[in-house]
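Participant: Positions in the sequence shown are counted from 1; adding 382 to them yields this note's numbering.
Even for Gly, the Cβ is constructed at its ideal location relative to N, Cα and C.
It should be emphasised that the depicted structure is a prediction, and the values quoted were computed from it without experimental measurement.
Quick one: structure below, then a few questions.
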Amino acid sequence: MNQEQQEQYIKTRVDNQINWLDRKSSFNQKRYKLYRTLVIILSISLPFLTGYADMEKYGPYIKFGVGVIGVIIAVIEGIIVLQKHQENWVQYRATCETLRQEKMLFTYKAGEYAKSTTPFQDFVLKIESILGNENKQWTKYIVQNEDGTNA
383 MNQEQQEQYI KTRVDNQINW LDRKSSFNQK RYKLYRTLVI ILSISLPFLT GYADMEKYGP
443 YIKFGVGVIG VIIAVIEGII VLQKHQENWV QYRATCETLR QEKMLFTYKA GEYAKSTTPF
503 QDFVLKIESI LGNENKQWTK YIVQNEDGTN A
């Protein structure tokens, strides 16, 4: 395989996957932290509002508000479980960093690539193995039920 083909593989396969995983990891991290922050803030507001629920003038509204907040918390928690933002964030970040490390080892002919007689072929096999494992992990998360058992 010539240098141009190797560069094309790195650009179209490796770099594209690194960029995609990096973006998806960041997205999932931000979404997870947003939902968790909302749950914390809403949860903290419940005891505070409950203390005012016996007020004659605003009590019924406060009781209704407490109920609505409880429903919102339950919905957000359901979304967190369903969309698996934390799991995706961690998995995508781990795979992204593994690909980056492997690319650096290959680029600088370090590690197993230093003594290999077929460094590019070894690199491709390693990259495809990493991506194959990522796909298996993603599939596992998708088919996993809320209680942690496989469907």
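1. Using a Cβ cut-off of 8 Å (strictly closer), state whether V525 contacts chain C.
2. In terms of residues, what are the limits of the alpha helix (DSSP H) holding K415?
3. Measuring straight from C-alpha to C-alpha, what distance separates T394 and Q388?
4. Excluding five sequence neighbours on each side, which residues of the same chain lie with their C-beta closer than 6 Å to the C-beta of N410?
5. Taking the continuous alpha helix (DSSP H) assigned at K445, which residues delimit it?
6. State the DSSP-derived secondary structure class of V525, mapped to helix, strand or coil.
7. My guess is that Y495 and L487 are in contact by the Cβ rule of under 8 Å, so how many angstroms apart are they, rounded?
8. How about I512 and E484: are their beta carbons less than 8 Å apart?
9. Taking the alpha carbon of E416 as the point to measure from, which residue in I458, G447, A492 has its own alpha carbon closest?
10. What three-state label does DSSP hand K497 in the structure shown?
11. Of the choices T477, P501, W402, A435, whose alpha-carbon is the least far from that of K518?
12. Quick test of your reading: K445 and A456, contact by CB under 8 Å. State the CB separation rounded to the nearest angstrom.
Facilitator: From the atom records:
1. The displayed structure is made up of one protein chain only, and chain C is not part of it.
2. Run containing K415: 398 to 432, per the alpha helix (DSSP H) assignment.
3. Within the model, the alpha-carbon separation for T394 versus Q388 is close to 10 Å.
4. These residues qualify, in order along the chain: H467, N470, W471.
5. Secondary structure note for K445: its alpha helix (DSSP H) is the uninterrupted segment 441 to 465.
6. Of the three classes helix, strand and coil, the one that applies to V525 here is helix, per DSSP.
7. That belief holds up - the Cβ atoms of Y495 and L487 are roughly 6 Å apart, short of 8 Å.
8. Yes, the pair counts as a contact, with Cβ atoms nearer than the cut-off.
9. Sequence inspection shows Leu at residue 416; the Glu mentioned does not correspond to that position. Answer by Cα proximity: I458.
10. It is coil, neither helix nor strand.
11. Out of T477, P501, W402, A435, T477 has the C-alpha closest to the C-alpha of K518.
12. Not really, about 17 Å apart at Cβ, beyond 8 Å.
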